[in-house]
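Presented below is the structure to which this report refers.
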Amino acid sequence: MPLWLWCLLFVLESLYCWWIIGYGGARWIEGWKSFFMIDWFALDWTAEQIRLYVLIIWGFSVIWFIVGVIKPELRFYY
1 MPLWLWCLLF VLESLYCWWI IGYGGARWIE GWKSFFMIDW FALDWTAEQI
51 RLYVLIIWGF SVIWFIVGVI KPELRFYY
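Each residue of the sequence shown is one higher than the last, beginning at 1 in UniProt numbering.
Right, here's the structure in full:
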């Protein structure tokens, strides 16, 4: 995967996480919409639980992004 595509995917994911964590996205997807936006296990989660989950996943994504920039052969596992 080229570096520009790797960076673009990371920016898009970061914008999604930023919306969930800081701009009311968690409240908007709370309930049945979380099934489609996160996964089946988030159906009964509150907005705070969704925000924490997305924050943790985004933290791991930052680490994976840095690893992908340093070692390009690992980019296809995104």
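Glycine included, each C-beta is placed from N, C-alpha and C at the ideal position. Model, not experiment: these values are computed from the prediction.
In summary, residue 20 is buried, with 16 or more beta-carbon neighbours lying within 10 Å of its beta-carbon over all protein chains present.
In this model, residue 70 and residue 29 are separated by some 34 Å (Cα to Cα). With 16 or more other Cβ atoms inside 10 Å of its own Cβ, residue 17 counts as buried. Residue 76 counts as exposed, since fewer than 16 other C-beta atoms from the protein chains shown sit within 10 angstroms of its C-beta. For residue 23, there is no enclosing alpha helix (DSSP H), as DSSP gives it neither H nor E.
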